[in-house]
Amino acid sequence: MSIPPEKQPGRVAYINARLLDPATRLDQPGALLTDGETIADFGPSLFEAGVPDGIQIVDCHGACLAPGLVDMRVQLREPGEEHKETIETSSRAAAAGGVTAMVCLPNTEPVIDDVSGVEFIARRAREVKLVKVYCHAAVTQGLAGEQLCEIGLLKEAGALAFTDGLQSVADAQVMRRALSYARTFDALIIQHPEEPSLASGGAMNEGEIATRLGLPGIPRAAEVIMVERDLRLVELTGGRYHAAHLSTAEAVDAVRRAKAKGLRVSCDTAPPYFTLDETAVGDYRTFAKLSPPLRTRADCAAIIAGIADGTIDAIASDHAPHDQDSKRQPFAQAASGIIGLETLLPLSLALCHQGRLGLFDILAPLTYKPADLLGLGAGRLRKGAPADLVLFDPNRSWTIQESKFRSKSKNSPFAERETKGWVLRTVVDGRPVFIAED
Amino acid sequence: MTAPSPTILLRFPHRHLLGIRGLSAAEITLLLDLAESYVDQNRQADKKSAILRGRTVINLFFENSTRTRTSFELAGKRLGGDVINMSVSTSSIKKGETLIDTAMTLNAMHPDVLVVRHADSGAVQLLSEKVNCAVINAGDGSHEHPTQALLDALTIRRRKKRIEGLLVAICGDILHSRVARSNIFLLNTMGARVRVVAPPTLLPSAIEKLGVEVFHDMRNGLKDVDVVMMLRLQTERMHGSFVPSIREYFRFFGLDYPKLEAAKDDAMIMHPGPMNRGVEIDSEVADDIGRSAIHEQVEMGVAVRMACLDVLMRHDMPSNRDAGAGR
Numbered sequence: 000m001s002i003p004p005e006k007q008p009g010r011v012a013y014i015n016a017r018l019l020d021p022a023t024r025l026d027q028p029g030a031l032l033t034d035g036e037t038i039a040d041f042g043p044s045l046f047e048a049g050v051p052d053g054i055q056i057v058d059c060h061g062a063c064l065a066p067g068l069v070d071m072r073v074q075l076r077e078p079g080e081e082h083k084e085t086i087e088t089s090s091r092a093a094a095a096g097g098v099t100a101m102v103c104l105p106n107t108e109p110v111i112d113d114v115s116g117v118e119f120i121a122r123r124a125r126e127v128k129l130v131k132v133y134c135h136a137a138v139t140q141g142l143a144g145e146q147l148c149e150i151g152l153l154k155e156a157g158a159l160a161f162t163d164g165l166q167s168v169a170d171a172q173v174m175r176r177a178l179s180y181a182r183t184f185d186a187l188i189i190q191h192p193e194e195p196s197l198a199s200g201g202a203m204n205e206g207e208i209a210t211r212l213g214l215p216g217i218p219r220a221a222e223v224i225m226v227e228r229d230l231r232l233v234e235l236t237g238g239r240y241h242a243a244h245l246s247t248a249e250a251v252d253a254v255r256r257a258k259a260k261g262l263r264v265s266c267d268t269a270p271p272y273f274t275l276d277e278t279a280v281g282d283y284r285t286f287a288k289l290s291p292p293l294r295t296r297a298d299c300a301a302i303i304a305g306i307a308d309g310t311i312d313a314i315a316s317d318h319a320p321h322d323q324d325s326k327r328q329p330f331a332q333a334a335s336g337i338i339g340l341e342t343l344l345p346l347s348l349a350l351c352h353q354g355r356l357g358l359f360d361i362l363a364p365l366t367y368k369p370a371d372l373l374g375l376g377a378g379r380l381r382k383g384a385p386a387d388l389v390l391f392d393p394n395r396s397w398t399i400q401e402s403k404f405r406s407k408s409k410n411s412p413f414a415e416r417e418t419k420g421w422v423l424r425t426v427v428d429g430r431p432v433f434i435a436e437d
Numbered sequence: 000m001t002a003p004s005p006t007i008l009l010r011f012p013h014r015h016l017l018g019i020r021g022l023s024a025a026e027i028t029l030l031l032d033l034a035e036s037y038v039d040q041n042r043q044a045d046k047k048s049a050i051l052r053g054r055t056v057i058n059l060f061f062e063n064s065t066r067t068r069t070s071f072e073l074a075g076k077r078l079g080g081d082v083i084n085m086s087v088s089t090s091s092i093k094k095g096e097t098l099i100d101t102a103m104t105l106n107a108m109h110p111d112v113l114v115v116r117h118a119d120s121g122a123v124q125l126l127s128e129k130v131n132c133a134v135i136n137a138g139d140g141s142h143e144h145p146t147q148a149l150l151d152a153l154t155i156r157r158r159k160k161r162i163e164g165l166l167v168a169i170c171g172d173i174l175h176s177r178v179a180r181s182n183i184f185l186l187n188t189m190g191a192r193v194r195v196v197a198p199p200t201l202l203p204s205a206i207e208k209l210g211v212e213v214f215h216d217m218r219n220g221l222k223d224v225d226v227v228m229m230l231r232l233q234t235e236r237m238h239g240s241f242v243p244s245i246r247e248y249f250r251f252f253g254l255d256y257p258k259l260e261a262a263k264d265d266a267m268i269m270h271p272g273p274m275n276r277g278v279e280i281d282s283e284v285a286d287d288i289g290r291s292a293i294h295e296q297v298e299m300g301v302a303v304r305m306a307c308l309d310v311l312m313r314h315d316m317p318s319n320r321d322a323g324a325g326r
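Protein sequence lines correspond, in order, to chains A and B.
Mapping of the first sequence onto numbering that gives the first Met the number 0: position 369 corresponds to residue 368, and the numbering continues sequentially without gaps.
Mapping of the second sequence onto numbering that gives the first Met the number 0: position 125 corresponds to residue 124, and the numbering continues sequentially without gaps.
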């Protein structure tokens, strides 16, 4: 595939914008100028005297102009399962969702546990050239949970963090060594926190609904035990640790206490864990099968409280494309996970519309906070920073429609849901990668 | 019995029989009353009627079963239908696509009823969404086994002359038991009081939310009960995974005369079969014809399944296609 010749984006003036920068808590009407790939200037008085000739003008009509979203947890299925998703289709989905940078898990086929895997993702991202695509590499070779990967070489090649993806690093000694060894390179270890011996065979949250449906349950303790164990290992090693997609109140609490102690720990969650609870499973609805499973209403409230007080550092889409054959199965056999790139922003904004969180409370974990965790110079409105931007109308209502998803797989429990928050334009390195049709 | 009464249709508005949950007391009573009439038919020399003449029933079993399949087969044949047995060996199914594919394939042959057993909870419902014929759940995973609960109810009603107000103890492996769930739903709907008796490792979490009283001691659990329902403990669960050993299980949870003393003098004993003698039930108790209703349960099984086939078939009469609604 040949790369089309570069066309310099030139200078673009975004006028009549509501400038939003979660890092500095800037929320002001104003304008922003991009020059080539970077932000040249912005502020309330920029272009007060009009836009000079030779600068392309984008009239924002009062819509919000913010740093593009940084999604630290997606599955791309390329290489290996291109019938479910590709870097190109997921990039289109990301662009439509206002995501300007995404980081994929290493659970591809082959697994990203080798420098060549990291380089493959980077090359494909350059060829597709829509949003920025990065990857996490595996902690252990082949995700087998035994031998450490070449953390140093992989980091040098561009891997942002290290995780065994959907699998826990179950062996405490292996986790201890990973955290310990990763300190050499100040590398971040991301854990899918679930004690496998408690979760094995489980299909949904353990409790009354699982009992009624006759489905094997996964107790909440499976998550809490693994988080608490790992936090002890962080104390022991001084490593940098991140707990992915927290779903229980107790796990959020454990991270909160660890942060208060000064440990270098962080965590994220995903929209389904504050939007839906276990009742969404209904009569064996496999689109509501996730890993970790959807929990209770009280857990949703605790997740929201964790976002509010900053315990939860990031909101990721946890994008997990699956084709129909993987989901049209008896519940216990069906694949776990839902797509999320195109619903990340509206589902997060819902917390603002419900009056539960402020706009910055949800934009911070969607932009500069995950960017900082991963060492990306993104997620901020800053002169000289890459012009990765999202322009959105937070109040425009729309109905999520399965047929409109850009993602190759359509597995979302949110289809037909009324939502608010409409992405008008997504800009990466000064180039528009998505412009809403109307 | 020969001319289908249209009122039955209005009183049983379901296209499929997927579970007890969702059935009303009136609908359950209707099935039991109809089954009662088939008990009489089955005891005559000529056991055959023509209600299912020209109809095809396929027994589709993804999990081994001799008793249930035979019972459905007899039920279909005694109603004059053509019955085909199809066993899909579990080793050949790795993915549910096979389940859907098999369903679609059979559907293309225009059966009138599919009787389905599957090892996964919810699998029968999933299959019912893909076919045009009536579907009867013959057991799905740990979810439901509605015809077993109906035959248990019929057995109880014939012996005790009522269900409402009875005290019933269900004992043993509740965790993995679809029979237990269907029975809990049915007995609660019909106004009985239900207890479950098992070690905590064999009880699913939040079981009390299903409207049962929980006991971990047989003598306490059986105190003053009218009915004792024993459940089968699978061999692979006897040796340390859920209970430490057979002898320990039998000592504390096996039904024998000393434990049975706590129950009412006329308490009846039930077991869905096949029994593990000396594991969950002592042979002496199992074979006590005065108290054990185990063989009667098998007899009621055929009658209840005839009633279910009968009721569902009435929906499928061309003139009644619009009357059927619901599941």
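By construction, the Cβ of each residue, glycine as well, lies at the ideal position given by its N, Cα and C atoms.
Owing to the predicted nature of the structure, the values given are computational and were not obtained by experimental measurement.
message: Please classify Phe251 of chain B as buried or exposed, where buried requires at least 16 neighbouring CB atoms within 10 angstroms.
response: In the assembly as shown, Phe251 of chain B is an exposed residue. Its beta-carbon has fewer than 16 other beta-carbons within 10 Å.
Exercise for review: Might you give, ordered along the chain, the residues of its own chain that have their beta carbon closer than 6 Å to the beta carbon of Arg405 of chain A, omitting 5 neighbours on each side?
Suggested key: Taking Arg405 of chain A as the centre and dropping the five residues before and after it, the same chain places the C-beta of Arg91, Ala92 and Ala95 closer than 6 Å to its C-beta, in chain order.
Near-chain B residues of the segment 209-220 of chain A (beta-carbon distance less than 9 Å), N- to C-terminal order: Within the segment 209-220 of chain A, the qualifying residues are Ala209, Thr210, Arg211, Leu212, Gly213, Leu214, Pro215, Gly216 and Pro218.
Going by DSSP in three states, Ser444 of chain A sits in which element: helix, strand or coil?
In the structure as shown, chain A starts at 0 and stops at 437, and residue 444 of chain A therefore has no counterpart that could be examined.
Quiz item: Which residue or residues does DSSP assign as beta-bridge partners of Pro28 of chain A?
Solution: DSSP lists A:Arg17 as partners of Pro28 of chain A.
Cross-strand partners of Ala168 of chain B (DSSP beta bridge):
Paired residues: B:Arg194 and B:Val227.
| task | Report the three-state DSSP secondary structure of Thr234 of chain B (helix, strand or coil). | result | DSSP places Thr234 of chain B in helix when its eight states are reduced to three.
*Can you give me the Cβ contacts of Ile83 of chain B inside the same chain, cut-off strictly under 6 Å, excluding the 5 residues immediately before and after it?*
The beta carbon of Ile83 of chain B lies closer than 6 Å to those of Ile57 in the same chain, with the five residues before and after it left out.
### Message
What does the Cβ neighbour count give for Gln43 of chain B, buried or exposed, with the cut at 16 atoms within 10 Å?
### Response
Looking at its Cβ environment, which holds fewer than 16 other Cβ atoms inside 10 Å, Gln43 of chain B is exposed.
Measuring straight from C-alpha to C-alpha, what distance separates Leu340 of chain A and Ile150 of chain A?
Near 28 Å, if we compare the C-alpha coordinates of Ile150 of chain A and Leu340 of chain A.
- Over what stretch of residues does the alpha helix (DSSP H) that includes His352 of chain A continue unbroken? Leu343 to His352 is the extent of the alpha helix (DSSP H) around His352 of chain A.
Does any residue of chain A have a CB that is nearer than 8 Å to the CB of Gly121 of chain B?
Cβ-Cβ to chain A under 8 Å: yes for Gly121 of chain B.
Report, in whole angstroms, the separation of the C-beta atoms of Glu126 of chain A and Pro385 of chain A, which I expect to be a contact under 8 Å. With a Cβ gap of about 19 Å, Glu126 of chain A and Pro385 of chain A do not count as contacting.
Q: Leaving aside the five residues before and after Ala16 of chain A along the sequence, list all residues of the same chain whose C-beta is less than 8 Å from its C-beta, in chain order.
A: If we look at Ala16 of chain A and ignore the five residues flanking it on each side, its Cβ neighbours are Pro28, Gly29, Ala30, Leu31, Cys59, Gly61, Ala62, Cys63, Leu64 and Leu390.
Point to revise | CB of Ser240 of chain B within 8 Å of CB of Gly216 of chain A, strictly | key: Here Ser240 of chain B is not near Gly216 of chain A, since their CB atoms are 8 Å or more apart.
- Message: Restricting to Cα atoms, I'd like to know which of A:Tyr283, A:Arg294 and A:Pro270 is closest to Ala250 of chain A.
- Response: Of the listed residues, the one whose Cα sits closest to Ala250 of chain A is A:Arg294.
Consult DSSP for Lys258 of chain A and reduce its assignment to one of helix, strand or coil.
Lys258 of chain A falls in the helix class under three-state DSSP.
For a cutoff of 8 Å on Cβ pairs, would you count Ala2 of chain B as touching chain A?
Low per-residue confidence applies at Ala2 of chain B: pLDDT is 45, beneath 50, and the placement is therefore not dependable, though the value from the model is reported in the following sentence. Not flagged as an interface residue toward chain A: Ala2 of chain B, since no C-beta distance is shorter than 8 Å.
- [ ] From the DSSP output, read off the bridge partner residues of His318 of chain A.
- [x] Looking at the DSSP output, His318 of chain A bridges to A:Val73.
Consult DSSP for Arg405 of chain A and reduce its assignment to one of helix, strand or coil.
Looking at Arg405 of chain A - three-state DSSP - the assignment turns out to be coil, as it is neither helix nor strand.
| Quick one: what does DSSP say Gly201 of chain A is sitting in, helix, strand or coil? | In this structure, Gly201 of chain A counts as coil in the three-state DSSP scheme.
* To do: Check Thr1 of chain B in the structure and name its three-state DSSP category.
  => Any reading at Thr1 of chain B is ruled out, since the residue's pLDDT is 45, under 50, leaving its predicted position unreliable.
The beta strand (DSSP E) that contains Val58 of chain A, what's its start and end? As written in the sequence, residue 58 of chain A is Asp, which differs from the Val given in the question. Following the DSSP letters along the chain, one finds Asp58 of chain A inside the beta strand (DSSP E) bounded by residues Gln55 to Asp58.
Q. Can you tell me whether DSSP reads Pro364 of chain A as helix, strand or coil?
A. Under the three-state reduction of DSSP output, Pro364 of chain A falls in the helix class.
> Where does Tyr256 of chain B fall in DSSP's three states?
Replying inline: DSSP, read as helix, strand or coil, puts Tyr256 of chain B in helix.
- Report all residues from its chain with a CB closer than 7 Å to the CB of Glu212 of chain B; omit the five preceding and five following residues, and keep chain order. Closer than 7 Å at Cβ, skipping near neighbours: Arg194.
**Asked** Who pairs with Asp40 of chain A in a beta bridge, going by DSSP?
**Response** Asp40 of chain A pairs with A:Leu32.
Helix, strand or coil: how does DSSP classify Asn58 of chain B here? Three-state result, Asn58 of chain B: strand.
Determine the DSSP secondary structure at Arg161 of chain B, reduced to helix, strand or coil.
Arg161 of chain B sits in coil when the DSSP states are folded into three classes, being neither helix nor strand.
Hey, would you say Ile173 of chain B sits closer than 8 Å to Leu149 of chain B, going by beta carbons? Cβ atoms of Ile173 of chain B and Leu149 of chain B: not closer than 8 Å.
message: For Thr188 of chain B and His175 of chain B, what's the separation of their Cα atoms in angstroms?
response: So the alpha carbons of these two residues sit roughly 22 Å apart.
Quick check on Ala44 of chain B: does DSSP put it in helix, strand or coil? Three-state DSSP puts Ala44 of chain B in coil, outside helix and strand.
| said: Quick test of your reading: Leu153 of chain B and Ala25 of chain B, contact by CB under 8 Å. State the CB separation rounded to the nearest angstrom. | reply: Wrong, their Cβ atoms sit about 16 Å apart, outside the cutoff.
* Asp282 of chain A at chain C interface by Cβ criterion, 8 Å -> Within the model displayed, chain C is absent; protein chains A and B are what it includes.
- request: Assess, as a yes-or-no matter, whether the segment 395-402 of chain A is touched by the segment 66-74 of chain A under the definition of 3 or more beta carbon pairs within less than 8 Å.
  value: Judged by Cβ distances under 8 Å, the segment 66-74 of chain A makes no contact with the segment 395-402 of chain A, as fewer than three pairs qualify.
key: Host beta strand (DSSP E) of Arg239 of chain A (start-end)   = That run of the beta strand (DSSP E) goes Arg239 to Ala242.
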